[in-house]
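Structure record follows, encoded as structure tokens.
Number of protein chains: 2
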Amino acid sequence: MFDTIIIGTGPAGISAALTLKQLNKNFLWIGSKSLSYKINSAEKIRNYPGLPSISGTEMKNVFLKQINEMEIEILEAQVTGVYDLSTHYAVLCGNDQYEAKSIILGLGVESVKPIEGEIELLGQGVSYCATCDGFLYKGKDITVVSTSKEFEHEAKYLAELANKVTYIALYKDIDMNLNNVTVIKGMPKKIEKENKKMKLTLADSVIESDGIFMLKAAISPAVLVPGLEAAEGHIVVDRQQKTNLKGVFAAGDCTGRPYQYTKAVGEGNVAAHSVVNYLNSLK
Amino acid sequence: MFDTIIIGTGPAGISAALTLKQLNKNFLWIGSKSLSYKINSAEKIRNYPGLPSISGTEMKNVFLKQINEMEIEILEAQVTGVYDLSTHYAVLCGNDQYEAKSIILGLGVESVKPIEGEIELLGQGVSYCATCDGFLYKGKDITVVSTSKEFEHEAKYLAELANKVTYIALYKDIDMNLNNVTVIKGMPKKIEKENKKMKLTLADSVIESDGIFMLKAAISPAVLVPGLEAAEGHIVVDRQQKTNLKGVFAAGDCTGRPYQYTKAVGEGNVAAHSVVNYLNSLK
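The listed protein sequences correspond, in order, to chains V and R.
One point on numbering: in this note's numbering, the residue at position 60 of the first sequence is 60, and numbering is uninterrupted.
Converting from the second sequence to this note's numbering requires adding 283 to each position, the first position being numbered 1.
The following block contains the structure:
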């Protein structure tokens with residue numbers, strides 16, 4: 001069992017990982033080995049103390065170097081749920097399960113809010129995780145809603161399994177030139193289920209398929225962690241980054257504005273120290 | 284009148300200044316042109332995201348370079364009080380006064396707690412500011428309590444004015460070799476006033492003089508800002524870094540543990556954004 005599991009490889013998760021490593025804690029860090037897509041795409045950051053006038057890509061490389069030098073590993077996976085086992089927590093990544101005494105959530109913030117029916121039909125035709133649920137749709141027709149270019153490789157994986165894919169891209173510069181993929185632009189409005197078929201309504205059309213994958217940078221925290229208190233789309237935390245769930249801490253954009261790298265690293269640091277205090281209190 | 288006055292040149296003040304500059308606000312920044320003595324003396328910092336395994340001096344130089352590149356000025360002064368003028372605030376530095384709509388306190392944390400009688404006799408024989416009050420003791424005998432080597436230049440300034448100086452050093456590697464200065468080691472216990480003479484009690488001696496200067500890195504926040512709510516030596520703030528006083532924000536070590544550079548820059552960033560929101564609310 002891990003002391004803690006950090007979920008998220010944005011600035012908050014990075015800061016928490018560096019501090020927990022320095023404090024010699026036994027933690028698992030789940031996210032993307034290329035860190036955060038958002039960092040990478042930032043044009044120029046001028047107000048991060050210590051990295052004057054740096055591009056997002058440069059910043060990402062500096063962070064990656066530091067993580068490597070401190071010999072910290074990242075588990076590349078998509079977390080699908082965090083569950084309270086009363087004495088500790090279980091983190092599910094599709095079929096894999098990891099357990100820890102405490103959790104740090106560095107989930108980032110949703111750029112796209114859930115649409116009507118999305119949350120209600122999650123696991124009943126709606127999925128957030130291509131690698132977890134893709135096999136359920138082998139040879140079937142699916143709809144994929146993608147908020148960013150970073151998810152194209154997941155969509156391509158789905159296209160290999162599925163019969164036909166309708167790909168709805170909420171970004172520019174789309175590269176999904178596959179035989180069985182139809183790319184369309186448009187903003188999804190709502191999801192309905194009728195006679196085992198999923199219906200996705202756009203502004204001027206309705207797309208019917210066997211399943212809908214919503215690929216986005218951040219999953220709604222309350223969906224990921226049942227029982228977690230949120231307000232206006234943000235996880236409610238105190239000054240120690242404690243959430244309403246004992247042993248669960250949150251840091252960075254997911255806790256609210258300002259959406260700033262500097263704020264996120266600060267909160268990640270505090271969350272790491274709060275985890276240490278929490279672990280000590282268990283003894 | 285300034286939009287805001289930032290007090291303190293540690294990591295919290297630096298972060299607030301960088302962000303307010305980027306947001307094009309009209310602010311005054313008061314502290315030390317060599318930033319924070321504490322940064323400078325840190326041996327090795329490993330968990331600051333973006334500056335892997337850096338010494339305090341290196342970190343200070345990186346910060347200074349960034350501040351210069353963004354053309355941010357520091358007013359080298361010692362703040363002696365912050366006063367609420369109901370519509371705005373006045374910041375006193377000895378005889379100089381500056382006014383602003385809001386205040387960011389990045390005061391750091393006291394390494395040495397006030398001793399008995401210190402707060403009560405402040406301004407009545409006890410002073411925190413050599414440059415403000417030194418001239419009052421021209422030709423007289425004074426006692427100087429110094430918590431760090433960085434204050435030796437202030438003590439030397441006092442020695443030029445005073446007849447005789449008893450210098451109590453609470454640090455190692457003392458360099459105060461002047462004719463009229465007696466250096467002693469020892470921990471001050473209490474201060475009393477009797478017949479216009481100041482009595483400083485140490486463990487095994489009592490030193491009598493005309494005035495006592497307490498030179499330390501951080502002044503007790505509640506002493507500096509009348510009416511400011513503090514608890515256990517820290518300024519009470521919310522998640523937006525708001526204090527109990529309207530328009531007064533605080534960030535960094537002065538708001539509580541963990542005493543970490545990363546936490547301090549995060550809070551400085553949030554305080555800067557909260558100031559902007561506050562200024563907008565005044566319109």
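Just so it is clear, CB atoms sit at the ideal spot from N, CA and C, and this is done for glycine as well.
None of the values given here were measured: they were computed from a predicted structure.
If we call anything under 9 Å between Cβ atoms a contact, is Ser34/V one with Glu43/V?
-> Not a contact, by the Cβ cut-off of 9 Å.
Span of the beta strand (DSSP E), counted from its first residue to its last, around Val91/V | Tyr89 to Cys93
Between the stretch 542 to 562 of chain R and the stretch 298 to 317 of chain R, do at least 3 Cβ pairs fall closer than 8 Å?
-> yes
Which one of Ser220/V, Gln240/V and Asn68/V has the shortest CA to CA distance from Val79/V?
-> Ser220/V
Pair every Cβ in the stretch 227 to 237 of chain V with every Cβ in the stretch 196 to 216 of chain V, then say whether three or more of these pairs are closer than 8 Å.
-> no
Interface residues of chain R facing Glu267/V [CB-CB closer than 7 Å] | Gly549
For Thr287/R and Lys384/R, believed in contact at Cβ under 8 Å, the rounded distance = 7 Å
Between which two residues does the beta strand (DSSP E) carrying Met198/V extend?
-> Lys197 to Thr201
Asp173/V to Thr370/R, Cα distance in whole Å?
-> 52 Å
How big is the Cα-Cα spacing for Val91/V and Leu334/R?
-> Val91/V and Leu334/R: Cα-Cα distance of roughly 31 Å.
Where Tyr381/R sits in the DSSP three-state scheme = strand
Limits of the unbroken alpha helix (DSSP H) element including Val345/R = Gly339 to Glu352
So with Cβ pairs under 9 Å, would you call Pro294/R a contact of chain V?
-> Judged by the 9 Å Cβ criterion, Pro294/R is in contact with chain V.
Pull up the DSSP beta-bridge partners for Ala533/R, would you.
-> Ala533/R pairs with Leu388/R.
Using a C-beta to C-beta distance shorter than 7 Å, which residues of chain C count as neighbours of Phe346/R?
-> No chain C appears in the structure shown, which is made up of the protein chains V and R.
Proximity below 9 Å, CB of Gly535/R to CB of Gly389/R | yes
Would you please state the rounded distance, in angstroms, between the beta carbons of Glu15/V and Gly268/V? I believe it to be under 8 Å.
-> For the record, residue 15/V in the displayed sequence is Ser; it is not Glu. Contact flag correct, Cβ pair sits at about 3 Å.
Near-chain V residues of the stretch 294 to 328 of chain R (beta-carbon distance less than 7 Å), N- to C-terminal order | Pro294, Ile297, Ser298, Leu301, Thr302 and Gln305
Compile a chain-ordered list of the residues in the stretch 70 to 87 of chain V whose CB is closer than 8 Å to at least one CB of chain R.
-> Met70
Determine the direct distance from the alpha carbon of Val548/R to that of Ala295/R, and round the result to whole angstroms.
-> 5 Å
Please decide whether Gly256/V counts as near chain R, where near means a Cβ-Cβ distance under 9 Å.
-> For Gly256/V, the answer is yes, since a Cβ of chain R falls inside 9 Å of its Cβ.
So, is Pro49/V buried or exposed, given that buried needs 16 or more other C-beta atoms within 10 angstroms?
-> Pro49/V is buried by the Cβ-count criterion.
Is there a Cβ from chain V that is less than 9 Å from the Cβ of Thr545/R?
-> yes
Does the separation of the CB atoms of Gly422/R and Leu441/R fall below 9 Å?
-> no
For the candidate residues Pro258/V, Tyr167/V, Val126/V and Glu232/V, whose alpha-carbon lies nearest to that of Lys197/V?
-> Val126/V
Roughly how many whole angstroms lie between the Cα atoms of Glu341/R and Ile328/R?
-> 10 Å
What residue does the alpha helix (DSSP H) around Tyr167/V start on, and which one ends it?
-> No alpha helix (DSSP H) contains Tyr167/V, which is instead part of the beta strand (DSSP E) from Lys164 to Ala169.
Starting from Tyr83/V, follow the beta strand (DSSP E) in both directions and report where the run begins and ends.
-> Gly81 to Asp84
Given a limit of 8 Å on CB to CB distance, which residues of the stretch 230 to 246 of chain V reach chain R?
-> Flagged, chain order: Val237, Asp238 and Arg239.
Any beta-carbon of chain R closer than 9 Å to the one on Ser55/V?
-> no
Residues that Val553/R contacts on chain V, provided the C-beta gap is smaller than 7 Å | Pro258 and Lys263
If Gly329/V sits next to Asp133/V, beta carbons under 8 Å apart, how far is it from one beta carbon to the other, in whole angstroms?
-> Nothing can be reported for residue 329/V, as the shown portion of chain V is limited to 1 through 283.
From this set, Asn195/V, Met187/V, Cys254/V and Ile30/V, which residue's C-alpha is nearest Leu75/V's C-alpha?
-> Ile30/V
Return helix, strand or coil for Ile518/R, following the three-state DSSP convention.
-> It is a strand residue.
Could you check the C-alpha separation between Lys193/V and Ile184/V for me, to the nearest Å?
-> Looking at the two C-alpha atoms, the distance is approximately 21 Å.
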